[in-house]
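>
Protein chains: 2
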Amino acid sequence: MPPKTAPNPAPTATPPATGAARVVKKRRPEQRQLILDEAAHLFKERGFGSSSMRDLGARVGLDAASMYNHIKSKDEILEIICFQVSDTYIAQLTEVEQMEANYLEKITELLRRHVRLMTKDGAAVSVANNEWKALTEPRLTEFKQARKRYEKGFAALIEQGIAAGELQAVNVSVALFTLLSAVRWVELWYRPGRNLSAAELENDLLTMLLDGLKKPTA
Amino acid sequence: MPPKTAPNPAPTATPPATGAARVVKKRRPEQRQLILDEAAHLFKERGFGSSSMRDLGARVGLDAASMYNHIKSKDEILEIICFQVSDTYIAQLTEVEQMEANYLEKITELLRRHVRLMTKDGAAVSVANNEWKALTEPRLTEFKQARKRYEKGFAALIEQGIAAGELQAVNVSVALFTLLSAVRWVELWYRPGRNLSAAELENDLLTMLLDGLKKPTA
DNA sequence: AATAAACACAAACAAATGTTTGTTTAGATT
DNA sequence: AATCTAAACAAACATTTGTTTGTGTTTATT
C-alpha cells in the first residue's frame, strides 16, 4: 500500500542541518545497541505495552521510522533483550554445575552471579523478568522453557544439597522460589551510587538468605 | 463531537435476543465489581498497557462502551485496584503496630498478613505491585507515598527489633527489601489447589525467612 | 570524482486505541 | 398501564499505534 501522494517534495533544499547541535556521529553500527539499551530502560520504566516506538525514538534521538534501519520490529527488540538475559542465566548455571565444589558453595556462587547480573544489567534483567509475557509465540514458549531449565537446575542443586546433608530439609520449591524472588528487589531498587555498594549488597543479601538455609548444627 | 450520521436506525427490530444463551441477570450493581475483578486478572496477565478495553469487555461479556456505565475510565480501574490493595496493606501495618507483642512477633504477623493477602487476592496484589507505574499523576504520587509509608513502618519494626536485641544486626534496608521481595513469588507462582496449601506455604516461607533473621544464640 | 551502500526523515498507512453519542431495551416504580 | 431509569449496544470519534515507502543525504570504497 504505497502512498498515493508525493511524500517528499524536497524540503526547501535544507542541507540537513550540519550546523548548530549536530553531533559528530560517523558510521554507526552502535546505533543498534543504543536502541536496545534505551529500549531496556524504557520498557522497564513504562512497560512494553505502554512504550511506543516514537517514545523510544525520542530517547535514541532518532525518528521512529529510522530505527527500522537497525531493527526488524518492536517485538524483535523485546526478544533480543529477553533472550540475551536468559542465555546469560543459562550459561551461568551450566558453569556452576560443572564447578568442583559442594552444593552450598555452588548455590552461593550461582546466586552471586545472579545478583551480579542484576547490578550490572538491571534494566535488561528487569524487562526479561517482567515483560516476557509480551513475547510472541514461537519465542514465548522458548523463553518459558529456558526459565524452566534454570529453575530445574537450581532446584536440583538445592535437592542434592539437602540429600548430602548440607542444607536443612526445607520444601525445595519454596526454597527455590524464595531465593530467586528475594533477590529480585535488587533489580527493582538498586541504584549504583547509593550508600550501598554492589559488593556490600551482594554479601549482606547472601548472608541473610543462606543463614536461613544453612544447617545450624553443622 | 456528536456523530454526524444517524447511528442506530433500529436494528431490524431485534428484541435484544432474550432467547438462546440469555443469562437471567436482573438489575446488576455487581457488574462494576465484575469489571474490576476481571480487569485485575487481565492486567496481571497482559499488563495494563497491553490490555485494551475491548479485551476487558470480552471477558466481562460486555461491549467496551457498555462498561462506561459502570466505570469512569480505564485509568480509574487501575486506580481502584491499586489503592484497594495499598489501603489494605496500610491498615494491616497500623493494626500490627498497635499489637501487644515483641518485635519479632510483630514482624512475623505483618508478613503473615502480607502473604495472606497475596494468596487471597493475588491478581489485585500483582497489579498493584507491577502496574502502579501506569497510574496518572495525582494518584501516582499518592501511591508512592503509601508504599513509602508501609516500608518505613516495616523498617522501623526491624530497626527496633535489632535495638531490642531480638534480631541480628543486619542492614535494615537489605533486610526490609529482602523480606518484602522474597514474599513476592507467592503472587507470581502460587495457585490455589496445588499440592501446597496456603497455610503450609505461609509457614514454610516464614520459617525460612525468619531463621535468617533470628538470633542463633537467643 | 564516481558509485554504492548505509542511514535518516517526511508522509502516509491500516489497524487499534480509549472514549462519546444517540438510541433502544429491560427492570423498577408509580 | 404509563413512566422513569439503569444499562446495553452500534456507530462513530480523534488519536495513537507499529510499520512501509519513497527520497534524500551521508559515508566508505573505488
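Heads up: the protein sequence lines correspond to chains P and F, in order.
Quick note: the first sequence uses UniProt numbering, first residue 1, plus one each step.
Quick note: the second sequence uses UniProt numbering, first residue 1, plus one each step.
Don't be surprised by glycine CBs; every beta carbon is placed ideally from N, CA and C.
Run down chain F in chain order and give the residues with a C-beta less than 7 Å from the C-beta of A175 (chain P).
In chain order: M208.
> Anything in chain P within Cβ reach of K133 (chain F), meaning under 9 Å, just list it in chain order.
Going along chain P in sequence order, the residues near K133 (chain F) (Cβ under 9 Å) are E45, R46, G47 and S50.
> Pick helix, strand or coil for L135 (chain P), following the three-state DSSP scheme.
Of the three classes helix, strand and coil, the one that applies to L135 (chain P) here is coil, per DSSP.
> Could you tell me whether any Cβ in chain P is nearer than 7 Å to the Cβ of R194 (chain F)?
Not one chain P Cβ lies under 7 Å of R194 (chain F).
> Counting Cβ pairs closer than 8 Å, one from the stretch 172-181 of chain F and one from the stretch 144-156 of chain F, do we hit at least three?
Touching, yes, given that three or more Cβ pairs across the two stretches are closer than 8 Å.
> Please determine, among F:S50, F:S51 and F:I35, the residue with the shortest C-alpha to C-alpha distance to Y68 (chain F).
For Y68 (chain F), the nearest C-alpha among the options comes from F:I35.
> So with Cβ pairs under 7 Å, would you call V172 (chain P) a contact of chain F?
No - not a single Cβ of chain F is within 7 Å of the one on V172 (chain P).
> I want to see whether chain F comes within less than 7 Å of R112 (chain P), judged by CB atoms only; does it?
Output row for R112 (chain P): interface = no.
> So which of P:F48, P:L201, P:D87 and P:T207 has the shortest CA-CA distance to I77 (chain P)?
Selected option, being the one with the closest Cα: P:F48.
> Among the residues of its own chain, which have a CB less than 6 Å from the CB of L56 (chain F), if the five just before and after it don't count?
Contacts found: A39 and L42.
> Kindly indicate which residue of F:L209, F:M208 and F:T119 has the alpha-carbon position closest to the one of V85 (chain F).
The candidate whose alpha carbon is nearest that of V85 (chain F) is F:T119.
> Between which two residues does the alpha helix (DSSP H) carrying Y103 (chain F) extend?
Run containing Y103 (chain F): Y103 to K120, per the alpha helix (DSSP H) assignment.
> Return yes when the Cβ of L110 (chain P) is within less than 7 Å of the Cβ of V125 (chain P), no when it is not.
Against a cut-off of 7 Å, the Cβ pair of L110 (chain P) and V125 (chain P) comes out as no contact.
> Any idea if A199 (chain P) is buried or exposed, counting beta-carbon neighbours within 10 angstroms, 16 or more meaning buried?
Classification of A199 (chain P): exposed, given that the 10 Å Cβ count is below 16.
> In chain order, what are the residue ranges of uninterrupted alpha helix (DSSP H) at least 4 long that sit wholly in the stretch 142-201 of chain P?
Runs of the alpha helix (DSSP H) inside the stretch 142-201 of chain P: 172-182 and 185-189.
> Relative to the C-alpha of A164 (chain F), which residue among F:Q31, F:I80, F:D87 and F:E105 is closest?
The option with the nearest alpha carbon to A164 (chain F) is F:E105.
> Enumerate in chain order the residues of its own chain whose CB-to-CB distance from T108 (chain P) is below 8 Å, with the five nearest sequence positions on each side excluded.
Counting only Cβ-Cβ distances below 8 Å, and skipping sequence neighbours, we find L206 and L210.
> When you compare only the Cα positions, how much space is there between S181 (chain P) and E187 (chain F)?
Approximately 11 Å between the Cα atoms of the pair.
> Under 8 Å between beta-carbons, which chain F residues line up against R184 (chain P)? List them in chain order, please.
Going along chain F in sequence order, the residues near R184 (chain P) (Cβ under 8 Å) are S181 and R184.
> How many angstroms separate the CA atom of E79 (chain F) from the CA atom of Q168 (chain P)?
Using only the alpha carbons, I get a separation of about 43 Å.
> So, H114 (chain P) versus V183 (chain P), is the Cβ gap smaller than 7 Å?
Contact: yes.
> Taking the alpha helix (DSSP H) that Y89 (chain F) belongs to, which residues open and close that run?
Residues K74 to E97.
> What residues in its chain sit with their C-beta under 7 Å from that of G122 (chain F), if we drop five residues either side in the sequence?
Excluding positions up to five away in sequence, the list reads E187 and Y190.
> Apart from the five residues on each side of it in sequence, which residues of its chain come closer than 7 Å, Cβ to Cβ, to D75 (chain F)?
Excluding residues within five positions, the ones whose Cβ falls inside 7 Å are T136.
> Please look up how many angstroms separate the CB atoms of N102 (chain P) and E159 (chain P), rounded, as I've assumed it's under 8 Å.
Not really, about 14 Å apart at Cβ, beyond 8 Å.
> Look at the alpha carbon of E100 (chain F) and the alpha carbon of Q145 (chain P), and state the distance between them as a whole number of angstroms.
Computed Cα separation, rounded: 48 Å.
> Are K72 (chain F) and V127 (chain F) closer than 7 Å when you measure CB to CB?
No, the Cβ-Cβ distance between K72 (chain F) and V127 (chain F) is not below 7 Å.
> What is the C-beta distance between K148 (chain P) and R46 (chain F), in whole angstroms, given that I count them as a contact (C-beta under 8 Å)?
Their Cβ separation, rounded to whole angstroms, is 21 Å, which puts K148 (chain P) and R46 (chain F) out of contact at 8 Å.
> Expressed to the nearest angstrom, what Euclidean distance is found between the alpha-carbon atoms of N82 (chain P) and T178 (chain P)?
Strictly speaking, residue 82 (chain P) in this sequence is Cys, with Asn absent from that position. Distance between the alpha carbons of C82 (chain P) and T178 (chain P): 22 Å.
> Whole angstroms are fine: how far does the CA of T88 (chain F) sit from the CA of K26 (chain F)?
Note that K26 (chain F) has pLDDT 47, beneath the 50 cutoff, so the model's placement of it is unreliable and no number is given.
> Using the beta-carbon count (16 or more within 10 Å), is A17 (chain F) buried or exposed?
Because the pLDDT of A17 (chain F) is 35, which lies under 50, any placement of that residue in the model is unreliable, and the number read from its coordinates should be weighed accordingly. Counting Cβ neighbours within 10 Å, A17 (chain F) comes out exposed, since fewer than 16 surround it.
> Are the beta-carbon atoms belonging to A65 (chain P) and R54 (chain P) less than 7 Å from one another?
For A65 (chain P) and R54 (chain P), no; Cβs fall outside 7 Å.
> Show which residues of chain P have a CB atom less than 9 Å away from the CB atom of T178 (chain F).
Simply A182, V183, W185, D204, L205, M208 and L209.
> Which chain F residues are close to L201 (chain P), counting only those with a beta carbon under 8 Å from its beta carbon?
By Cβ distance, chain F contributes V174.
> Since I believe N129 (chain F) is in contact with N130 (chain P) (beta carbons under 8 Å), could you give me their beta-carbon distance rounded to a whole number of angstroms?
Between N129 (chain F) and N130 (chain P) the Cβ distance is about 10 Å, and since that is not below 8 Å, they are no contact.
> May I ask you to report which of helix, strand or coil DSSP gives A64 (chain P)?
Here A64 (chain P) sits in coil by DSSP.
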